[in-house]
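This report refers to the structure that appears directly beneath it.
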Amino acid sequence: MSTTILGIDIGSTKICAIIAQKNDDGDIKILGAGIAKSQGLKKGIITNIDLASKSIRNALNDAKRVAGTQYERVIVSISGAYTKSVDSSGIVNIPNRDIGIKEINRAMQMADHNANIPNEYEKLHVLPYNFKVDDQEFIEDPLGMNGARLEVQVHIITAQKSSLSNLRKAVKSAGVEIDNIVLNCYASAIAVLNHDERELGVAVIDMGGATCNVMIHAGNSMRFNDYLGVGSLNITNDLSTALHTPLGAAEEIKINYGSLKSNSSELIELPVIGDDGSTHEVSLNIVSNVIYVRVEETLMILAKTLEDSSFKEQIGAGVVLTGGMTKLDGIRELASAIFDNVPIRIAKPREMDGLFETLRDPSYSTAIGLVLYGGGHFTPYEIDSNKKLRYKDETIEPTRHHQETFDEGDETEEGEVGTAPQADNAKEKLKDLANIQEEESEGFGSKLWNRLTQLF
């Protein structure tokens with residue numbers, strides 16, 4: 000049965016909504032797209048819910064008009080500005096020695112349970128990068144294997160609860176209920192990476208309007224992600240300041256003459272900021288130098304980020320650059336020099352049926368990645384933002400058992416039998432007892448509960 004997917008990329012400079020259909024064979028076809036200028040966002044962060052909602056609604060309405068159909072599944076991007084990451088692991092025993100999807104789910108839920116996440120953060124992705132069956136490490140897929148013990152190591156991406164709440168409010172105000180929230184650089188990686196790059200290890204850098212988002216894919220999954228609050232809008236601001244021209248004129252100069260290797264002495268005429276009707280002439284060589292300085296600084300910070308990640312040695316396929324900023328002429332050569340001559344590729348979204356010419360552009364990688372994610376293109380196993388286990392093209396609901404406790408005999412990260420859930424159950428029973436006592440004697444139940452909780 001076919002499924003209609005809506006992907007909404009909420010960027011700092013534009014909102015892009017894409018409606019796609021996934022058919023029975025798993026193929027995805029683009030049906031419609033809508034693009035609107037971003038309002039109420041700054042460096043990937045929502046600063047005005049009403050304005051952001053209006054931009055989302057404008058993009059969505061355009062996409063619906065082109066597609067001529069409704070959607071069933073809604074996937075929305077979130078900026079790395081909101082996120083933090085942590086690694087965790089979980090170990091479970093396999094009494095019948097047969098590893099099925101339920102056993103993998105239990106192991107991942109255990110790793111999720113063991114993670115030390117601050118209260119103000121919520122999990123977006125739980126991504127396994129290493130499975131271990133008994134003493135055998137680096138199992139690509141443990142499904143169907145035989146073993147007495149399954150261990151999984153995961154990379155967990157979390158986001159601030161308040162930021163997620165603001166995102167959900169803005170999207171809901173536009174008339175949309177979110178099914179899943181996806182980190183933007185993760186979505187971009189889905190859209191641009193090929194099989195060899197995943198196998199060899201690769202860094203993906205999405206260079207957008209106001210942010211640069213970094214992720215490293217090594218082994219079976221994402222291992223590292225980071226964020227830099229600099230993008231192509233900074234180039235526009237630099238040009239406006241250096242050339243004393245309005246922001247609108249500076250943006251046009253960047254789009255029409257943006258190059259990192261121009262030596263032209265050709266003069267162009269620009270309006271003067273704050274002086275209506277006045278113009279002055281500027282050499283294209285000066286324009287190029289202003290752009291070069293900003294891009295060089297940005298790439299140097301990103302190179303330092305990769306150096307500090309401790310994963311640089313694992314990116315055999317080098318660095319893949321995508322996003323609108325990569326359209327600057329000469330950026331690949333400059334990046335190659337700054338990243339110590341590692342392989343550099345400028346990536347556009349992968350080809351698919353119905354892909355409009357407009358969308359064949361690096362700035363739409365995240366939006367295309369969102370509909371691919373909604374169609375089942377993601378890490379083989381993942382616990383998503385709805386706390387569901389995703390496996391290939393299936394989702395498995397978390398059971399009540401997984402949410403409250405773990406099977407007797409499952410082990411904690413330190414290898415000891417988990418006892419915390421039993422203590423929690425005992426606390427609940429004691430709390431019920433305290434509530435009963437409180438009905439009989441006001442204040443006594445509260446004192447009893449305080450005394451009893453000190454024992455656990």
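Residue numbers for the sequence shown follow numbering that gives the first Met the number 0, beginning at 0 and rising by one.
Just so you know, even glycine gets a beta-carbon here, dropped at the ideal spot from N, CA and C.
Computed from a predicted model, the values in this text were never measured in an experiment.
- Task: Have a look at 346, 96, 177, 328 and flag the residue whose alpha-carbon is nearest the alpha-carbon of residue 258.
- Result: Taking the first residue of the sequence shown as position 1, residue 258 is located at position 259. Taking residue 258 as reference, the option from 346, 96, 177, 328 with the minimal CA-CA separation is 328.
- Message: Distance check for residue 221 and residue 86, CA to CA, integer angstroms please.
- Response: On the sequence shown, position 87 is the one that residue 86 refers to. On the sequence shown, position 222 is the one that residue 221 refers to. Those two C-alpha atoms are separated by around 11 Å.
- Query: Closest by CA to residue 365, which one among 26, 252, 211?
  - Reply: To locate residue 365, count along the sequence shown from 1; it is residue 366. Closest option to residue 365, Cα to Cα, is 211.
- For the candidate residues 138, 111, 253, 161, whose alpha-carbon lies nearest to that of residue 120? What you label residue 120 is simply residue 121 of the sequence shown in a count that begins at 1. Checked all of 138, 111, 253, 161; the closest Cα to residue 120 is 161.
- residue 209 and residue 42 look like a contact to me (Cβ under 8 Å); what is the Cβ gap, rounded to whole Å? Here the question's residue 209 lines up with position 210 in the sequence shown. Here the question's residue 42 lines up with position 43 in the sequence shown. Right, their Cβ atoms sit about 5 Å apart.
- Item | First and last residue of the uninterrupted alpha helix (DSSP H) at residue 63 | What you label residue 63 is simply residue 64 of the sequence shown in a count that begins at 1. Unbroken alpha helix (DSSP H) run through residue 63: 48 to 66.
- Cβ pair count under 8 Å reaching 3, the stretch 142 to 156 against the stretch 124 to 134: Yes: at least three Cβ pairs fall under 8 Å.
- Message: Looking only at its chain, what residues have a beta carbon closer than 8 Å to the beta carbon of residue 290, apart from the 5 residues adjacent to it on each side?
- Response: Looking up residue 290 in the sequence shown gives position 291. Scanning its chain for C-beta atoms nearer than 8 Å, with the 5 sequence neighbours on each side dropped, one finds around residue 290 the residues 234, 237, 238, 253, 257, 258, 259, 327, in chain order.
- Report all residues from its chain with a CB closer than 8 Å to the CB of residue 271; omit the five preceding and five following residues, and keep chain order. Taking the sequence shown and counting its residues from 1, the one referred to as residue 271 is at position 272. So the list reads 243, 244, 277, 278, 279, once near-sequence residues are dropped.
- Locate the alpha helix (DSSP H) running through residue 330, then write down its first and last residues. One-based indexing of the sequence shown puts residue 330 at position 331. Counting along the chain, the alpha helix (DSSP H) containing residue 330 begins and ends at 330 to 337.
- Message: Excluding the 5 residues flanking residue 199 on each side, which residues of the same chain have their C-beta closer than 6 Å to its C-beta?
- Response: Along the sequence shown, read from residue 1 onward, the residue named residue 199 stands at position 200. 315, 316.
- Message: Just verifying my parser: in three-state terms, what is the DSSP assignment at residue 359?
- Response: Numbered from its first residue, the sequence shown carries residue 359 at position 360. It is coil, neither helix nor strand.
- Task: Might you give, ordered along the chain, the residues of its own chain that have their beta carbon closer than 6 Å to the beta carbon of residue 7, omitting 5 neighbours on each side?
- Result: Position 8 of the sequence shown, counted from the first residue, corresponds to residue 7. Closer than 6 Å at the Cβ level, and outside the excluded window around residue 7, lie 16, 75.
- Message: Which runs of the alpha helix (DSSP H) at least 4 residues long sit entirely within the stretch 57 to 120? Give them in chain order.
- Response: Runs of the alpha helix (DSSP H) inside the stretch 57 to 120: 100 to 113.
- Residues that residue 229 bridges to, as DSSP identifies them: By one-based count along the sequence shown, residue 229 stands at place 230. Beta bridge pairing from DSSP links residue 229 with no other residue.
- Query: Terminal residues of the continuous alpha helix (DSSP H) containing residue 373?
  - Reply: Translated into the one-based positions of the sequence shown, residue 373 becomes position 374. Judged by DSSP secondary structure, residue 373 falls within the alpha helix (DSSP H) whose first and last residues are 364 to 373.
- Mapping DSSP to helix, strand and coil, what is residue 214? Your numbering for residue 214 matches position 215 in the sequence shown. DSSP, reduced to helix, strand and coil, places residue 214 within a strand of the structure shown.
- Query: Between residue 27 and the rest of its own chain, which residues show a CB-CB distance below 6 Å, the 5 nearest in sequence each way excluded?
  - Reply: Within the sequence shown, the letter at position 28 stands for residue 27. For residue 27, where only same-chain residues beyond five positions count, the Cβ hits under 6 Å are 19, 21, 351, 374.
- Message: By the three-class DSSP mapping on this structure, what secondary structure does residue 350 have?
- Response: Looking up residue 350 in the sequence shown gives position 351. It is coil, neither helix nor strand.
- Sufficient close CB pairs (3 or more, under 8 Å) joining the stretch 355 to 372 to the stretch 106 to 119: No: fewer than three Cβ pairs fall under 8 Å.
- Taking Cβ positions, are residue 229 and residue 319 nearer each other than 7 Å? Taking the sequence shown and counting its residues from 1, the one referred to as residue 229 is at position 230. Taking the sequence shown and counting its residues from 1, the one referred to as residue 319 is at position 320. No, they are not a contact pair.
- Item | From 24, 54, 29, 31, residue whose alpha carbon lies closest to that of residue 10 | Here residue 10 refers to the residue found at position 11 when the sequence shown is read from its first residue. Comparing Cα positions, the closest option is 54.
- Cβ shell of residue 82 (< 6 Å), same chain only, five flanking positions each side left out: Position 83 of the sequence shown, counted from the first residue, corresponds to residue 82. Excluding positions up to five away in sequence, the list reads 156, 158.
- Within 10 angstroms of the Cβ of residue 169, are there 16 or more other Cβ atoms? Answer buried if so, exposed if not. Here residue 169 refers to the residue found at position 170 of the sequence shown. With 16 or more other Cβ atoms inside 10 Å of its own Cβ, residue 169 counts as buried.
- Task: Taking residue 206 as part of the alpha helix (DSSP H), name the residues at either end of that continuous run.
- Result: Numbered from its first residue, the sequence shown carries residue 206 at position 207. Taken as a continuous stretch (DSSP letters only), residue 206 belongs to no alpha helix (DSSP H), being part of the beta strand (DSSP E) at 201 to 206.
- Item | Span separating the alpha-carbon of residue 123 from that of residue 79 | Start at 1 with the first residue of the sequence shown, and residue 123 comes out as number 124. Start at 1 with the first residue of the sequence shown, and residue 79 comes out as number 80. Roughly 11 Å separates the two Cα atoms.
- Task: Within 10 angstroms of the Cβ of residue 307, are there 16 or more other Cβ atoms? Answer buried if so, exposed if not.
- Result: Within the sequence shown, the letter at position 308 stands for residue 307. Under a 10 Å Cβ-count criterion, residue 307 is classified as exposed, with fewer than 16 other Cβ atoms of the shown protein chains found around its own Cβ.
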